[in-house]
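Input: a single structure, listed below in structure tokens.
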Ligand SMILES: Cc1cc2nc3c(=O)[nH]c(=O)nc-3n(C[C@H](O)[C@H](O)[C@H](O)COP(=O)(O)OP(=O)(O)OC[C@H]3O[C@@H](n4cnc5c(N)ncnc54)[C@H](O)[C@@H]3O)c2cc1C
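Residue numbers (our numbering), protein chains in the order written: chain A, 1 to 341; chain B, 1001 to 1839.
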């Protein structure tokens, strides 16, 4: 990786001020949270903002509150804080498991929830340094014309690789976006679209201020992630599942979301619906898993063979559903290297 | 201090061995350079910053294969802050690590052979300026056909990557027959034919290459660089710069890992040297991780065809091995690597007849070269997996099969390698015992399995890279009146602990502590020549030189102390900083007192030691030099795995291993080498791939490294390592210093085949290639389910036009080490000094 290019650094103390700077600089400015995604991208010249607007000095973004109606998490809460806070267990387990499996402990100490939601999409043809990309005449996501993953494609096929977003969507999270004095609240799921370049419907001037989670009494959730090494890899297929279970163990409500198999987190609504009104048995789990896996259309632009990634999606949905059913997952955890869980 | 319980158990093969009176040797000690290392104090090349220093960046080819029609550097030269722009014509002299492959220029003159091949250098005040100016260099390329694999190279003689070599894009072919293998196959009860593929991988040293060059006040050149081979680099610098070596000083800076990746003279080292001389200011280069992947010199991808004949009792009757080696764009060590893909197939199991043919091709990828195990892990993988298949078919326990066929100590092999001590059987017996093999093999539940593999490796290459009569290692010792000892060595401390081992040897002999010794190593001005840190040679070769230098100093001290104490010198003991007569407690002098006496008598006390490997190797045929070594080490490993039949997911549960290392001079260091080897073996077994992406041919000629980054090139981290259990098998080898043999490479070799064999035990499928990934396991399981061969691996070995083999009758057929069908070459003119090691 090259060293960073030159840039201006601004460090406002309030979101208002940050929004003002963003509005003034337009497309030349980008927000800097933990920097664990943006700075490496800048070193590889994938993203070359002239101005960075640091969120580090904005105290309000670092707070989280829990109340009977749910939780409100500031965008700059770090993934370590989430992984270590017991309040994120039980109903919010999926978020805890997702945060705890992002990268390494060093990176989680810096990485923020807001940055993870906004994480740039990834692709083996794009996450390369400048000279490498030059030798394939670049790709449409940056400086080029073609999508090398699918040369006939009109759109970019880069992969949504955030761990927390599928989990948050499964938990019904909403986000608060601010631009200037304007604030809007949207379902996180509605913020994404299946396009590797324009994967977020966030306006350039908008700041993700807060993530809001509903209270999840009676819910269980889990997040399972496929990656080569349990120590620090990005997801190349993941499953977040959440369900409200009756005391008798019948599913009353359920959500299943697949990560890293498209340019956005993919809700598997049909599969989730198939569980409602039924207990989590091996049969209902298998049925839902097969249905969810049908949605996964991985391409050859991440680690692992794409057809294998598709094949094992069923297994991972199964793990997630068994996990939220309360099965002892120790041996699978061990085998997949989910050290911390 | 290392805790005793953390250290490996040590078994002696020689209960009568003396040496229990040793104090330094064999004790688990902190290495001499540990304090600096753990407190972050070594000055790595990239830490060096000198007044007026300029920075260099290289413009690299974006094309895998092209001719350069023209280069226009005028815009870059005019860029503010740029001091100098160099291109191929500024330093056109060819060099290369092997005298037979002088096929590199520091910057491409007119031909680029892989993406990343350097074309121009910009030297500027700031690194960022140099980087920006790269885009201002206009290169007009004529793009040539891309050759991406050895098969393609065989089928595509034109355009040639190089004008030398055998023909077309074939760099080197070798062909030998040691005894008539057809006779062996006729004698066999069963004949096994197996194809294997071993993927290429890179060294992944933590420290990226970096170098700083400066012109001294008197006009001479100093180069600080992260290298394993200051001596060979010294020679290349002299050649390319046209300067006498006496005017060049190479200082090997503390090295953050080499593993073979820093054993070629590198283009960037030559470029900053040239630039520093031209600009008369220090010039630095620090490669990015991507650039390190372009320097490469890593493991050659090798396709192999093994045909073995065996009797029902497991006795091997013959082996016919063919290898096809993917060399990448340049020669590097490739000729030697090619020989190594078959040189050591005779050194573990007794093989009466052996045919070996190998072919290395050029391809448009970064050059392959030596990586830990140099050329031997690939055929070791094939041989050990084939042994497992043989054991399976003959219904013999794999450990038992190996015990039956293991070579004997001091055997002369079919290809005339002279073995030394051999601890293979002890290694097998102990690893079987410590792992509980007998309760596990074929007895674990479906999805769990154990696999066994063994290996053999050399302790230092018997021949130098360039032919000469001089020693391979030298040591200078200076004894100071105050009791301090200065040790000057040409060796390169690359993290393996060579400074520590040399100190320990000298401390043991002189009866002092390693803390009283100061080591100066890796500096061509200060130390005598040592060939470098490669081929597991330093402990044995420099160690023996250190023994000699220390014994010479000891003899001088003993002479004067004996006179003073009036005892015969042979009564004297050197220990605890004293020289004394153990029979008479009052008869003693301190070590400094002894030095003062000696200095008064002899003048300044300085001694030298040298080491030559045993002269006149038994192998006298052409090419017989590769594989010769003063002695060989043996390893055995058992790996336990768990495989999920549903997904193919593979987890390594445990690794047990034993290594016959002669003697552990410092068990702490030896254990570090073993565990590092196992880490590297597992990386190659499970995930590492120096793999390339060819874009759709209709749209692009591009051929790019798939994942030139620390994140996307997959290798195990410490968190991914399974538990590793190690035992040393010790039995001093008379050829090693205090009996020591190598430990840095051998323990890596059995790991990948042991994993493959364990997968078979777990789920009954053969993965005949590395890396062994879940995708491949699942595919093989599907084959098994469909009733086809339960296997994943290569299916074809291409037809290769092999030259007539050199026929060398093995010792037991009355051979004398010469080929019977070699046409003697006319004697070379005496003035021509350089010859390749493979001759
Ligand atoms: C080696 C390595 C491994 C990694 N592994 C994983 C992994 O396994 N899983 C995973 O999900 N990620 C992984 N990451 C990526 C990254 O570390 C995380 O996604 C992290 O959470 C990003 O957060 P950050 O605060 O560092 O974001 P930054 O880098 O600061 O920002 C990321 C993006 O979000 C924008 N942004 C940041 N905050 C806001 C905000 N409040 N409002 C609007 N936009 C904002 C930035 O402008 C930028 O575009 C890895 C990174 C590395 C280097």
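C-beta: ideal position from N, C-alpha, C; glycine also.
Cβ-Cβ distance between residue 1406 of chain B and residue 1318 of chain B below 8 Å: The beta carbons of residue 1406 of chain B and residue 1318 of chain B sit no closer together than 8 Å.
CA-to-CA distance, residue 1622 of chain B to residue 1418 of chain B, given in whole angstroms: If you draw a straight line from the Cα of residue 1418 of chain B to the Cα of residue 1622 of chain B, it comes to about 16 Å.
Ordered list of beta strand (DSSP E) runs contained in the segment 1507-1573 of chain B, each at least 3 residues: With a minimum length of 3 residues, the unbroken runs of beta strand (DSSP E) contained wholly in the segment 1507-1573 of chain B fall at 1517-1520.
Supposed close pair residue 1293 of chain B, residue 1708 of chain B - CB separation, criterion 8 Å: Yes, they are in contact, since the Cβ atoms of residue 1293 of chain B and residue 1708 of chain B sit about 4 Å apart, within 8 Å.
Test item: CB-CB of residue 234 of chain A and residue 161 of chain A under 8 Å: A contact, by the Cβ cut-off of 8 Å.
Residues near residue 1159 of chain B in its chain [Cβ-Cβ closer than 7 Å; skip 5 each side]: Cβ contact annotation for residue 1159 of chain B (same chain, cutoff 7 Å, sequence separation greater than five): 1144 and 1145, in chain order.
Collapsed DSSP secondary structure at residue 214 of chain A in the structure displayed: Here residue 214 of chain A sits in strand by DSSP.
Ordered list of beta strand (DSSP E) runs contained in the segment 1139-1197 of chain B, each at least 3 residues: Whole beta strand (DSSP E) segments, 3+ residues: 1170-1178.
Residue 118 of chain A in three-state terms, based on DSSP: Taken through DSSP and simplified to helix, strand or coil, residue 118 of chain A comes out as helix.
Within-8 Å CB hit, residue 152 of chain A to chain B: Not an interface residue.
Proximal residues, the segment 129-144 of chain A versus chain B, C-beta separation under 8 Å: Going along the segment 129-144 of chain A in chain order, one finds 129, 131, 132, 134, 135, 136 and 137 with a Cβ nearer than 8 Å to chain B.
heavy atom of ligand 1 below 7 Å from residue 55 of chain A C-beta: Relative to ligand 1, the beta carbon of residue 55 of chain A is positioned inside 7 Å of a heavy atom.
With 16 other Cβ atoms within 10 Å as the buried cut-off, status of residue 1699 of chain B: Classified as exposed, residue 1699 of chain B has fewer than 16 neighbouring CB atoms from the shown chains inside 10 Å of its CB.
Amino acids of chain A, ordered along the chain, whose beta-carbon sits closer than 8 Å to that of residue 1700 of chain B: What residue 1700 of chain B touches in chain A: 136 and 137.
Residues of the segment 1629-1660 of chain B whose Cβ lies closer than 7 Å to any Cβ of chain A, in chain order: Those would be 1642, 1644, 1646, 1647, 1649 and 1651, in chain order.
Separation of residue 47 of chain A from residue 146 of chain A, as counted between CA atoms: Looking at the two C-alpha atoms, the distance is approximately 18 Å.
Near ligand 1: residue 34 of chain A beta-carbon under 7 Å from a heavy atom: Correct: residue 34 of chain A has its Cβ closer than 7 Å to ligand 1.
Three-way DSSP call (helix, strand, coil) for residue 78 of chain A in this model: The answer is strand: DSSP assigns residue 78 of chain A an E or B state.
Contact with chain B by residue 8 of chain A, beta-carbon distance below 8 Å: No - not a single Cβ of chain B is within 8 Å of the one on residue 8 of chain A.
Stretch pair the segment 1266-1277 of chain B + the segment 1760-1767 of chain B: three plus CB contacts closer than 8 Å: Short answer: they don't touch.
CB contact below 8 Å: residue 161 of chain A versus chain B: Not one chain B Cβ lies under 8 Å of residue 161 of chain A.
Neighbour list for residue 337 of chain A in chain B, Cβ cutoff strictly below 9 Å: Residue 337 of chain A reaches chain B at 1651, 1719 and 1720, counting residues in chain order whose Cβ is nearer than 9 Å.
Start-to-end residues for the beta strand (DSSP E) that takes in residue 67 of chain A: It spans 64-67 - the beta strand (DSSP E) in which residue 67 of chain A sits, taken as one unbroken run.
Any non-hydrogen atom of ligand 1 within 7 Å of residue 14 of chain A CB: The nearest non-hydrogen atom of ligand 1 is 7 Å or more from the C-beta of residue 14 of chain A.
Residue 407 of chain A beta carbon near ligand 1 (any heavy atom closer than 7 Å): Coverage of chain A is limited to positions 1 through 341, which leaves residue 407 of chain A absent and any answer about it impossible.
First and last residue of the uninterrupted beta strand (DSSP E) at residue 238 of chain A: Secondary structure note for residue 238 of chain A: its beta strand (DSSP E) is the uninterrupted segment 237-245.
C-alpha gap between residue 1007 of chain B and residue 1504 of chain B, whole angstroms: Looking at the backbone, the Cα of residue 1007 of chain B and that of residue 1504 of chain B are separated by about 19 Å.
Range of the contiguous beta strand (DSSP E) that encloses residue 322 of chain A: Residue 322 of chain A -> not in any beta strand (DSSP E); alpha helix (DSSP H) instead, spanning 313-325.
Contact under 8 Å by Cβ, residue 1780 of chain B with residue 1639 of chain B: Their beta carbons are not under 8 Å apart, which means residue 1780 of chain B does not touch residue 1639 of chain B by this criterion.
Below-8 Å beta-carbon distance, residue 238 of chain A vs any chain B residue: No, because no Cβ of chain B sits closer than 8 Å to the Cβ of residue 238 of chain A.
Residue 207 of chain A beta carbon near ligand 1 (any heavy atom closer than 7 Å): Checking the Cβ of residue 207 of chain A against ligand 1 gives yes.
Rounded distance between the beta-carbons of residue 1223 of chain B and residue 1211 of chain B, thought under 8 Å: The C-beta separation of residue 1211 of chain B from residue 1223 of chain B comes to about 6 Å, placing the pair in contact by the 8 Å criterion.
8 Å Cβ cutoff, residue 1687 of chain B in contact with chain A: Taking CB atoms only, residue 1687 of chain B has a neighbour in chain A less than 8 Å away.
8 Å Cβ cutoff, residue 1778 of chain B in contact with chain A: Residue 1778 of chain B belongs to the set of residues whose beta carbon lies under 8 Å from a beta carbon in chain A.
Proximity test, residue 179 of chain A beta-carbon vs ligand 1 heavy atom, cut-off 7 Å: Result no, Cβ not under 7 Å from ligand 1.
Segment limits, beta strand (DSSP E) that includes residue 1066 of chain B: Run containing residue 1066 of chain B: 1066-1072, per the beta strand (DSSP E) assignment.
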